[in-house]
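*Asks:* Right, I'll just put the structure down here and ask away after.
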Amino acid sequence: MRILIVTAGSRGDVAPFTGLGQRLQQAGHQVALAAHDRFADLVRDCGLEYRALPGDPVELVRARTAAPSPEAAGAVFAAFLDELGEGVLTATAAGTDILLTAFGPAPLSRVVAEGFGIPSLGVYLAPGVPTREFPPPGWPDAGHLSPADNLAAGRELLARTGVLYADVLRRLRARLDLPASTGETPNPPDDWLICHGYSSAVVPRPTDWPTNVHVTGYWWPAGPPGWQPPDLLVDFLQAGPPPVFVGFGSMTPTHERLHEVVAAAVKRAGVRAVVQSGWAELGPAGDDTLLVGDLPHDWLFPRTAAVVHHAGAGTTGAGLRAGVPALPVPVLVDQPFWADRLHRLGVAPPPLPIHELTTDTLTDALRSCLGRSTYRDRATELAHQVRADDGPAAVLSLITQLDGERPAS
Numbered sequence: 001m002r003i004l005i006v007t008a009g010s011r012g013d014v015a016p017f018t019g020l021g022q023r024l025q026q027a028g029h030q031v032a033l034a035a036h037d038r039f040a041d042l043v044r045d046c047g048l049e050y051r052a053l054p055g056d057p058v059e060l061v062r063a064r065t066a067a068p069s070p071e072a073a074g075a076v077f078a079a080f081l082d083e084l085g086e087g088v089l090t091a092t093a094a095g096t097d098i099l100l101t102a103f104g105p106a107p108l109s110r111v112v113a114e115g116f117g118i119p120s121l122g123v124y125l126a127p128g129v130p131t132r133e134f135p136p137p138g139w140p141d142a143g144h145l146s147p148a149d150n151l152a153a154g155r156e157l158l159a160r161t162g163v164l165y166a167d168v169l170r171r172l173r174a175r176l177d178l179p180a181s182t183g184e185t186p187n188p189p190d191d192w193l194i195c196h197g198y199s200s201a202v203v204p205r206p207t208d209w210p211t212n213v214h215v216t217g218y219w220w221p222a223g224p225p226g227w228q229p230p231d232l233l234v235d236f237l238q239a240g241p242p243p244v245f246v247g248f249g250s251m252t253p254t255h256e257r258l259h260e261v262v263a264a265a266v267k268r269a270g271v272r273a274v275v276q277s278g279w280a281e282l283g284p285a286g287d288d289t290l291l292v293g294d295l296p297h298d299w300l301f302p303r304t305a306a307v308v309h310h311a312g313a314g315t316t317g318a319g320l321r322a323g324v325p326a327l328p329v330p331v332l333v334d335q336p337f338w339a340d341r342l343h344r345l346g347v348a349p350p351p352l353p354i355h356e357l358t359t360d361t362l363t364d365a366l367r368s369c370l371g372r373s374t375y376r377d378r379a380t381e382l383a384h385q386v387r388a389d390d391g392p393a394a395v396l397s398l399i400t401q402l403d404g405e406r407p408a409s
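Each step along the sequence shown adds one to the number in UniProt numbering, with nothing skipped, and position 70 is 70.
Pasting the structure below:
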């Protein structure tokens, strides 16, 4: 069976699907992964077919971050969606029997799958279905909502998103000769299967979710074949106590003095650090600091004392898998949700939002994170639960179920 996985966004929106794709391929399926051009090598190096999607996620993040208002950010995203819809259509036309889609492109993918007469399945990296039990990721001021308000917020967020998707969905339906749909929204049909690729030990499955919505466990990124750590990194790790990891992944600079703040806080806290440059292009250096580029988190994180990160879904999961404390510095979208979750799980001090980041606040947070053994004890305990899941197996089972329900051609 030819399976297409469609995702869009940063590296963290792509990497988990390389591991899922490999498992599906090992089960005998042909797997293609559609993503932006900058991730073509990442996909191909994992042995998966790559199909291109238009748009540059670096420019998208920069433009949305720099937008002067929510309305301006929405306009940037709407233009991105217009290109993305065409890309999903082209990728699907290259040969697809079942389409798996991440949350962002899901409304586009469902319409395209309908147009091609093939089944589709949601594969989400963060909670994407409204619930009474917690506010939706990305909802502002979500600290103390009632159950009814949580549910209303989830529905409202989908409704707001629908405004951005409406035009491109209408055009896609026309391109595919599908009947026009009045009031087109990004809401999936009631029976549409959705899998969430995180552990129920991290976010328990809400009791009010319908039976078609699943929490499978994480889909860990596939490791680059034959990867070996650079000698400089190995030497640094062996030269002293475990360092902290500092990296903000695919976040672009939103802090005028981010380099200086990180360097000064690391020095004041008296810790060694491995600093990942990332899209923020961090560059602090010193005798006790090593600057690195992209490398497998599953190799590095277990060798660290703690991880300081932006609380993206993928980095959050990697830290939990490694069993090390976290210091979350959320920037936008679902990151405050995961940052708050890390604190509630007992593996991290209170989140330190990027706009509150100073040398003093980061120094204090580092000391708090490293100074309480309870954070590491809880992280070790939670890691055992997270590693016990087999997320890809659950997705494979549902794909087999979907394939069995397809009418014979």
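By construction, the Cβ of each residue, glycine as well, lies at the ideal position given by its N, Cα and C atoms.
1) Cβ of PRO224 within 8 Å of Cβ of PRO336?
2) How big is the Cα-Cα spacing for ALA75 and LEU169?
3) Comparing C-alpha positions only, which one of ASP37, ASP45, GLY122 sits nearest to THR216?
4) Go ahead and label ALA94 buried or exposed: buried means 16 or more other beta carbons lie within 10 angstroms of its beta carbon, across all protein chains shown.
5) Going by beta-carbon coordinates alone, are THR18 and VAL43 separated by less than 8 Å?
6) How is the alpha helix (DSSP H) around HIS343 delimited, first residue to last?
7) What are the partner residues of PHE218, as DSSP defines its beta bridges?
8) To the nearest angstrom, report how far apart TRP338 and ASP41 are at their CA atoms.
9) With respect to the alpha helix (DSSP H) encompassing CYS195, which residues constitute its N-terminal and C-terminal limits?
10) Kindly indicate which residue of GLY9, GLN26, ASP13 has the alpha-carbon position closest to the one of residue 462.
11) CB-CB under 7 Å to ALA67, same chain, minus the five flanking residues each way: which ones, in chain order?
12) Using the Cβ count rule (16 or more neighbours within 10 Å means buried), how would you classify PRO350?
13) Excluding the 5 residues preceding and the 5 following LEU48 in the sequence, name in chain order all residues of the same chain whose CB lies nearer than 8 Å to its CB.
14) Out of ARG110, ASP82, GLY9, ASP37, state which residue places its alpha-carbon closest to the alpha-carbon of LEU60.
15) Helix, strand or coil: how does DSSP classify HIS259 here?
16) Residues bridged to ILE3 by DSSP?
17) Check each candidate in ASP287, THR315, ASP82 and name the one with the smallest Cα separation from TRP299.
18) Thinking ALA269 and THR363 are a contact (beta carbons under 8 Å), I'd like their distance in whole angstroms, please.
*Replies:* In terms of the structure at hand:
1) No, these two residues do not count as a Cβ contact at 8 Å.
2) Computed Cα separation, rounded: 16 Å.
3) THR216 has its Cα closest to that of GLY122, out of ASP37, ASP45, GLY122.
4) Of the residues assessed, ALA94 falls on the exposed side of the cut-off, its CB having fewer than 16 other CB atoms within 10 angstroms.
5) Contact: yes.
6) In the DSSP assignment, HIS343 falls within the unbroken alpha helix (DSSP H) covering 335–344.
7) Going by the sequence as given, residue 218 is Tyr instead of Phe. BP columns for TYR218 are empty, so no partner.
8) If I take the Cα positions, the gap works out to 28 Å.
9) For CYS195, there is no enclosing alpha helix (DSSP H); the residue is found in the beta strand (DSSP E) stretching over 194–196.
10) Given that the chain is displayed from residue 1 to residue 409, the structure contains no residue 462 and the question cannot be resolved.
11) Counting only Cβ-Cβ distances below 7 Å, and skipping sequence neighbours, we find ALA73, VAL76.
12) Counting every other CB atom within 10 Å of its CB across the protein chains shown gives PRO350 a total below 16, marking it as exposed.
13) Here the set comprises THR18, GLY21, GLN22, GLN25, VAL31, ALA32, LEU33.
14) Residue nearest to LEU60 within the set ARG110, ASP82, GLY9, ASP37 is GLY9 (criterion: CA-CA distance).
15) In the displayed model, HIS259 falls within a helix according to three-state DSSP.
16) For ILE3, DSSP records a beta bridge to VAL31, ILE98.
17) In terms of Cα proximity to TRP299, the closest of ASP287, THR315, ASP82 is THR315.
18) With a contact defined as Cβ atoms closer than 8 Å, ALA269 and THR363 qualify at about 5 Å.
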